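If you use this note's numbering, the sequence shown corresponds to residues 185 to 330, in order. Only one structure is covered here, and it is reproduced in the block below.
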Amino acid sequence: MEDFTMADLRKFINPALRPNEKIGLFVSGARLGSGNTHEIEQLRAKLSGEIFFSKIDIDIVMPDTSPSGVCKMTLNNKLEDCPYVTTPDNKLKITRKDKTEILIHIGDRAYTFVNVTGRPTVGIWPDRIRGLDEPAEPAEITEGAG
Numbered sequence: 185m186e187d188f189t190m191a192d193l194r195k196f197i198n199p200a201l202r203p204n205e206k207i208g209l210f211v212s213g214a215r216l217g218s219g220n221t222h223e224i225e226q227l228r229a230k231l232s233g234e235i236f237f238s239k240i241d242i243d244i245v246m247p248d249t250s251p252s253g254v255c256k257m258t259l260n261n262k263l264e265d266c267p268y269v270t271t272p273d274n275k276l277k278i279t280r281k282d283k284t285e286i287l288i289h290i291g292d293r294a295y296t297f298v299n300v301t302g303r304p305t306v307g308i309w310p311d312r313i314r315g316l317d318e319p320a321e322p323a324e325i326t327e328g329a330g
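Now the structure itself:
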């Protein structure tokens with residue numbers, strides 16, 4: 185069993201999501217944005233994208249793998265020191281200066297979920313894994329039927 189008390193960012197990001205790949209951003213199962221992962225490491229996660237017509241660039245740098253402490257988070261070019269804690273339900277909770285809480289956790293299948301206070305939950309899905317936004321295959325036409 186994995187130890188989720190450590191703040192290893194890879195424990196809160198679905199392993200199906202890899203560095204340097206295209207991603208879809210989903211809300212309630214609907215693709216509402218897209219982006220890219222840049223880095224996903226033990227102590228750093230960097231992603232960019234656009235959702236709801238807003239650009240998002242986020243870079244989280246952990247000081248170490250302690251279960252709580254203060255990390256550096258850059259959101260849209262604004263750097264701040266943010267307290268973080270790992271929760272008993274396997275989530276990483278980061279609190280911004282304005283008291284906004286960000287929860288990052290592994291979801292079902294290939295999702296990584298990000299919950300931000302007062303906003304809908306965003307699911308991050310790797311584009312290389314088909315299934316969510318893939319169009320349904322057309323029905324096969326059988327000649328001579330009937």
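A virtual CB, placed ideally from N, CA and C, is assigned to each residue, including glycine. Since the structure is predicted, the reported quantities are computational estimates derived from the model, not experimental observations.
9 Å Cβ cutoff met for residue i and residue j
i    : j    : result
V306 : L209 : yes
D311 : K206 : yes
P304 : V211 : yes
V298 : I313 : no
Contact belief for residue i with residue j at Cβ below 8 Å, rounded distance in angstroms
i    : j    : result
N198 : T296 : 5 Å
V245 : C255 : 6 Å
N220 : D241 : The Cβ separation is near 10 Å, so there is no contact.
L201 : I224 : 7 Å
For residue i, the residue or residues it bridges with in DSSP
i    : result
I278 : Y268 and I286
T258 : D243 and L263
Start-to-end residues for the beta strand (DSSP E) that takes in residue i
i    : result
R215 : A214 to I224
I244 : S238 to V245
A229 : R228 to I235
F297 : T296 to V300
I308 : V306 to P310
G208 : K206 to V211
Discussion item. Check whether the segment 224-242 and the segment 267-283 are in contact - that is, three or more C-beta pairs closer than 8 Å.
Written reply: The count of Cβ pairs closer than 8 Å, one atom from the segment 224-242 and one from the segment 267-283, stays below three, leaving the stretches out of contact.
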